[in-house]
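Protein chains in written order, with the numbering used here: chain R, 1 to 219; chain G, 220 to 571.
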């Protein structure tokens, strides 16, 4: 461990379902200290942390968030209505979630198609700084598709947010995990990363990713 | 390293189907009624060629008309003696656990103790609106109903109270099973909490691996075994369910399977956010590190043996059939699986 590693911010992963433990694992392997929390008692997810994200500390959500520099929200989107915004007030929150009515059921708050789902999340988490990324890759690929800088197979992720500092910190996390990043300039532009978009679920290198986004943005 | 549990559990090699509507020899889809009758023939053939288990996955769509698979299983039971019969999966969240128990306990009686149940959500979400459930309640529905199902399996009068169905007070649920509880599994697609839940209720673990590297599920097997141990429960078997297609040669199997796979995934991709497969992604999935078991008997057998070892599993269920394949191609698949794949897997694992 070098001193540079020690200076990396703690990551709090909220959610211990399909996605959360995978994000926790790759963040640990990228050198970040990581806490993971579900909706209740950390004792319930201790085994999950031990086997699926060795090194991640299972915590109550409030404890995990308090010490974190970046909070990764990896809960099913339909659970957001019951999520307490005060829990993540003042924090950078990475929104990895997608809205799929056939899977989530119809959620009234996400039915307003004038806004991207992350804009709606940001409005609900009004005292947090929301960044959208990690939503357009399958959770099972997130682990397998990591590549070092310069690899021709390295995939790119979009990172969308209104706060340049939050976008930069999140992009650094993604880069260290093993992916290139393409900043999108605003959270509103994060609509391009949603299901049905040109980059959703598609493995693309950085240049291809930028091309796909620019084509889509002009349509 | 994980090791297969063949010392504790017998190696079980089965077939699963979603009862996809098949095409006739002219490429026209058969009727639902004919599809159902053909499915009975497929189950009977499976026993004749030495398959250990035959499972039908519950679906409620035009492409997959198997909404009442247990009735089909009962018809197969009447014409077979040895093969085990079960669901793959039963969508428990939108069903009544009491009725599921009653149906499979009846199947168990009809078949002389050959019934099994795999509980899960599967890929079928159509049952939620059909039966008046909200998908957003999935977790609570599944948790409560799995817990009630575990109670019902114990036999004897059940007292139960929850939010998702009427309470039961000292209720005798019939028919009683003859020889104790029938085998019950939970199908898990990637949720570690479902793994823990299976351990908590004493259900066996069925890993549904339908894309990507099977090896990434190895931590799930270890998590499951550790959870059973900490709960003070006895060890239980781990199984793997994956799609595939067996034909005489690798090339023939791929050629038959690819166009139908592309078509089906393309349709599902719209609603589920899957990436549409490409020739490259397909080549990966049918290769040694992918999730599809498509190829000659030797290719498929080697892949099954390797992944059972990697995952510490003692059971494999090949989900055969893909909308638009012909009944004839499926019968050939079943025959090759029983007569060539199964003996070869047993041989590979005995010598390994």
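For every residue, glycine included, the Cβ atom is placed at its ideal position computed from N, Cα and C.
All of these numbers come straight from a predicted model, not from anything done at the bench.
Exposure of residue i, with buried meaning 16 or more beta-carbon neighbours within 10 Å
i                      : result
residue 355 of chain G : buried
residue 422 of chain G : buried
residue 237 of chain G : buried
residue 416 of chain G : buried
residue 191 of chain G : Residue 191 of chain G lies beyond the stretch modelled for chain G, which goes from 220 to 571, so this question has no answer here.
residue 305 of chain G : buried
residue 553 of chain G : buried
residue 449 of chain G : exposed
residue 368 of chain G : buried
residue 484 of chain G : buried
residue 41 of chain R  : exposed
residue 460 of chain G : buried
residue 209 of chain R : buried
Own chain residues within Cβ distance below 6 angstroms of residue i, not counting five before or after
i                      : result
residue 213 of chain R : 192
residue 64 of chain R  : 12, 35 and 37
residue 215 of chain R : none
residue 162 of chain R : 186 and 187
residue 383 of chain G : 360 and 363
residue 408 of chain G : 427
residue 555 of chain G : 465 and 516
residue 280 of chain G : 345
residue 171 of chain G : Since the displayed chain G opens at 220 and closes at 571, residue 171 of chain G lies outside it and no answer follows.
residue 294 of chain G : 259
Contact set for residue i: own chain, Cβ-Cβ below 7 angstroms, skip 5 residues either direction
i                      : result
residue 325 of chain G : 394
residue 476 of chain G : 464, 513 and 541
residue 479 of chain G : 541, 542, 543 and 544
residue 567 of chain G : 520, 521 and 524
residue 211 of chain R : none
residue 88 of chain R  : 65, 71, 125 and 128
residue 119 of chain R : 187 and 188
residue 434 of chain G : 529
residue 228 of chain G : 456 and 533
residue 266 of chain G : 299, 301 and 302
Proximity test, Cβ basis, 7 angstroms: residue i and chain G
i                      : result
residue 110 of chain R : no
residue 83 of chain R  : no
residue 140 of chain R : yes
residue 54 of chain R  : no
residue 152 of chain R : no
residue 183 of chain R : no
residue 1 of chain R   : Residue placement at residue 1 of chain R is flagged as unreliable, the pLDDT there being 46, under the threshold of 50; the coordinate-derived value follows with that caveat. Answer no: the Cβ-Cβ gap between residue 1 of chain R and chain G never drops below 7 angstroms.
residue 51 of chain R  : yes
residue 9 of chain R   : no
residue 144 of chain R : yes
residue 173 of chain R : no
residue 47 of chain R  : yes
residue 42 of chain R  : no
residue 202 of chain R : yes
residue 197 of chain R : no
residue 116 of chain R : no
residue 105 of chain R : yes
Local conformation of residue i per DSSP, three classes
i                      : result
residue 57 of chain R  : strand
residue 97 of chain R  : coil
residue 405 of chain G : strand
residue 211 of chain R : helix
residue 272 of chain G : strand
residue 323 of chain G : helix
residue 500 of chain G : helix
residue 530 of chain G : helix
residue 557 of chain G : helix
residue 287 of chain G : coil
residue 550 of chain G : helix
residue 233 of chain G : strand
residue 27 of chain R  : helix
residue 424 of chain G : strand
Cβ of residue i within 7 angstroms of any chain R Cβ
i                      : result
residue 353 of chain G : yes
residue 644 of chain G : In the structure as shown, chain G begins at 220 and stops at 571. Residue 644 of chain G is therefore absent and cannot be evaluated.
residue 338 of chain G : no
residue 431 of chain G : yes
residue 220 of chain G : Because residue 220 of chain G sits at a pLDDT of 43, beneath the cut-off of 50, its placement in the model cannot be relied upon, and the point is left open.
residue 514 of chain G : no
residue 446 of chain G : yes
residue 297 of chain G : no
residue 406 of chain G : no
residue 525 of chain G : no
Anticipated Cβ contact below 8 angstroms, residue i with residue j, distance rounded
i                      : j                      : result
residue 401 of chain G : residue 446 of chain G : So it is not a contact: roughly 22 angstroms between Cβ atoms.
residue 428 of chain G : residue 510 of chain G : 5 angstroms
residue 338 of chain G : residue 262 of chain G : No, residue 338 of chain G and residue 262 of chain G are not in contact; Cβ-Cβ is about 21 angstroms, not under 8 angstroms.
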